[in-house]
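Chemist: When we follow our numbering, the leftmost residue of the sequence shown carries the number 37, and every step to the right adds one.
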Amino acid sequence: MIWLIGNQGMLGKELSDVLSKNNIEFTGTDCEIDITSFQALEAFTHGKKIEWIINCAAYTAVDKAEDEIELCTLLNVQGPENIARIAKKTGASLIHISTDYVFDGTATSPYSETDTLNPTGIYGKTKAEGEEKIRSVLDNHIIIRTAWLYGKHGQNFVYTMLRLMKEKESLGVVGDQYGSPTWTGDLAEFIKRILVESEIQYGSYHFTNEDSCSWYEFALEIQDLGLKYDLLEKKIPIKNLTTSEYPTKAKRPAYSVLSKEKAKNTFSLIIPTWKESLENFIKEITNDK
Numbered sequence: 037m038i039w040l041i042g043n044q045g046m047l048g049k050e051l052s053d054v055l056s057k058n059n060i061e062f063t064g065t066d067c068e069i070d071i072t073s074f075q076a077l078e079a080f081t082h083g084k085k086i087e088w089i090i091n092c093a094a095y096t097a098v099d100k101a102e103d104e105i106e107l108c109t110l111l112n113v114q115g116p117e118n119i120a121r122i123a124k125k126t127g128a129s130l131i132h133i134s135t136d137y138v139f140d141g142t143a144t145s146p147y148s149e150t151d152t153l154n155p156t157g158i159y160g161k162t163k164a165e166g167e168e169k170i171r172s173v174l175d176n177h178i179i180i181r182t183a184w185l186y187g188k189h190g191q192n193f194v195y196t197m198l199r200l201m202k203e204k205e206s207l208g209v210v211g212d213q214y215g216s217p218t219w220t221g222d223l224a225e226f227i228k229r230i231l232v233e234s235e236i237q238y239g240s241y242h243f244t245n246e247d248s249c250s251w252y253e254f255a256l257e258i259q260d261l262g263l264k265y266d267l268l269e270k271k272i273p274i275k276n277l278t279t280s281e282y283p284t285k286a287k288r289p290a291y292s293v294l295s296k297e298k299a300k301n302t303f304s305l306i307i308p309t310w311k312e313s314l315e316n317f318i319k320e321i322t323n324d325k
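#1: Can you tell me whether DSSP reads Leu336 as helix, strand or coil?
#2: In this structure, how does DSSP classify Trp219 when only helix, strand and coil are distinguished?
#3: Roughly how many angstroms separate the alpha carbons of Gly115 and Asp260, rounded to a whole number?
#4: Comparing alpha-carbon positions, which option in Pro217, Ala164, Tyr265 and Asp324 lies nearest Ile307?
#5: With Leu314 and Leu185 assumed to form a contact (beta carbons below 8 Å), what rounded beta-carbon distance in angstroms separates them?
#6: Is it right to say Thr182 is buried, meaning 16 or more other beta carbons lie within 10 angstroms of its own, or is it exposed?
#7: Using a threshold of 7 Å, state whether the C-beta atoms of Leu130 and Leu174 are closer than that.
#8: How would you write the range of the beta strand (DSSP E) that Lys275 sits in, first residue to last?
#9: Distance, Cα to Cα, Glu168 vs Lys319?
#10: Just to confirm the assignment: which complete beta strand (DSSP E) runs, minimum length 3, are found wholly within the segment 186 to 274?
#11: Rounded to the nearest angstrom, what separates Ile274 and Leu256 at their Cα positions?
#12: Comparing C-alpha positions only, which one of Glu50, Tyr159 and Thr65 sits nearest to Glu104?
#13: Find the nearest neighbour of Glu165 within the set His189, Tyr137 and Gly187, judged by alpha-carbon distance.
#14: Less than 7 Å between the C-beta atoms of Thr126 and Thr162, yes or no?
#15: Along the chain, which unbroken stretches of the beta strand (DSSP E) at least 3 residues long are found entirely within the segment 56 to 140?
#16: DSSP state of Leu326, grouped into three classes?
#17: So, at 8 Å on beta carbons, what are the nonlocal neighbours of Ile230 in its own chain, with the 5 sequence-adjacent residues on each side left out?
#18: Give a yes or no on whether the C-beta atoms belonging to His242 and Leu294 are separated by under 7 Å.
#19: Under 7 Å, do Thr22 and Trp88 count as touching if we go by C-beta distance?
#20: Alpha carbon to alpha carbon, how far is Tyr195 from Thr309?
#21: Am I right that Leu268 and Lys202 are in contact with their C-beta atoms under 8 Å? What's the rounded C-beta distance?
#22: Rounded to whole angstroms, what is the Cα-Cα separation between Gly190 and Lys84?
#23: Could you give the first and the last residue of the continuous alpha helix (DSSP H) run that contains Leu314?
#24: Quick one: give me the first and last residue of the alpha helix (DSSP H) that Thr162 is part of.
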């Protein structure tokens, strides 16, 4: 049995679609099973033979985390530790989703899995601590760090830009923060790939789409594709802002590009570029209209 935790989130719903499409049986849960309670996890797993647990549940409101430290810690530290403990008790392997925010964003070349963690905000700190809890409890784990995630099942940068481009006469988007936009469709396919592997190589992996850009460049591409596929009626000017012109409560990494070489070599992956995947996503939501 595969147990998908957080099946109602953006990635969880996408992964549910991919597993169902590939006739891979799984059980999905969300808030009805409290991951901060080991007893709740124990009660759910009682009598079940679980081979894999996939944890897509997390506290992800980066700015609110600066005020909601206790809740963020419960969901991002206590939750993963409990899940790792229940995986160990039941003999299951664990796939856990983490983030580029575990790094400080001061690098000038893509971060590898072995680079030193140095998160700057509460969200990143709790995600880093959650990773460490898993490593200390469970050998049979895979931690996947990803970044700049978007998909059809939840609020994200692409949907926000498309909405604002319809509503506004002009926009300003930060142009001095760099990363790799990642489509949940591609990440879900990578997770599926891990599940069907005959030999598992446990450890930490990075997965995003290939190439990198700024949020400003991402917004320009969204507008171009929105116009190409008739999701937008008119082109509006987009201003290239600096981080100082768009202050946020939590500090964002200036550079959060992740190296995918380990995942590509281990799983023989060919990862699409962010532009290719963004166009595939725009096509998908156009067809769904």
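No residue lacks a Cβ here, since even glycine has one placed at the ideal position from N, Cα and C.
Modeler: So, to answer that:
#1: Examination of residue 336 is not possible in this model, given that the chain is present from 37 through 325 alone.
#2: If DSSP states are grouped into helix, strand and coil, Trp219 belongs with the strands.
#3: If you take the alpha carbons of Gly115 and Asp260, they lie about 40 Å apart.
#4: Of Pro217, Ala164, Tyr265 and Asp324, the residue nearest in Cα terms is Pro217.
#5: Not confirmed; about 12 Å, so no contact.
#6: Per the 10 Å Cβ criterion, buried.
#7: With respect to the 7 Å criterion, Leu130 and Leu174 are classified as neighbours on the basis of their beta carbons.
#8: For Lys275, the enclosing beta strand (DSSP E) starts and ends at Ile274 to Leu277.
#9: Whole-angstrom Cα-Cα distance: 39 Å.
#10: 207 to 210 and 239 to 242, all fully within the segment 186 to 274.
#11: Cα-Cα distance, rounded: 7 Å.
#12: When only C-alpha atoms are compared, the closest one is Tyr159.
#13: Selection His189, Tyr137 and Gly187 evaluated against Glu165 yields Tyr137 as nearest (Cα-Cα).
#14: No; because the gap between Cβ atoms is not below 7 Å, this pair is not in contact.
#15: Uninterrupted beta strand (DSSP E) stretches at least 3 residues long and entirely within the segment 56 to 140 occur at 63 to 65, 88 to 91 and 129 to 135, given in chain order.
#16: With the chain represented from 37 up to 325, any question about residue 326 goes unanswered, as that position is not in the structure.
#17: Take Ile230, set aside five residues on each side of it, and the residues of its chain with a beta-carbon closer than 8 Å to its own are Ile131, Ile178, Ile236 and Phe303, in chain order.
#18: Yes. Within cutoff.
#19: Only positions 37 to 325 of the chain appear in the structure, and residue 22 is not among them; the question remains open.
#20: Distance between the alpha carbons of Tyr195 and Thr309: 19 Å.
#21: Right, their Cβ atoms sit about 7 Å apart.
#22: Taking the CA atoms as reference points, Gly190 sits about 31 Å from Lys84.
#23: Per DSSP, the continuous alpha helix (DSSP H) segment holding Leu314 begins and ends at Trp310 to Asp324.
#24: Ile158 to Val173 is the span of the alpha helix (DSSP H), which, as asked, contains Thr162.
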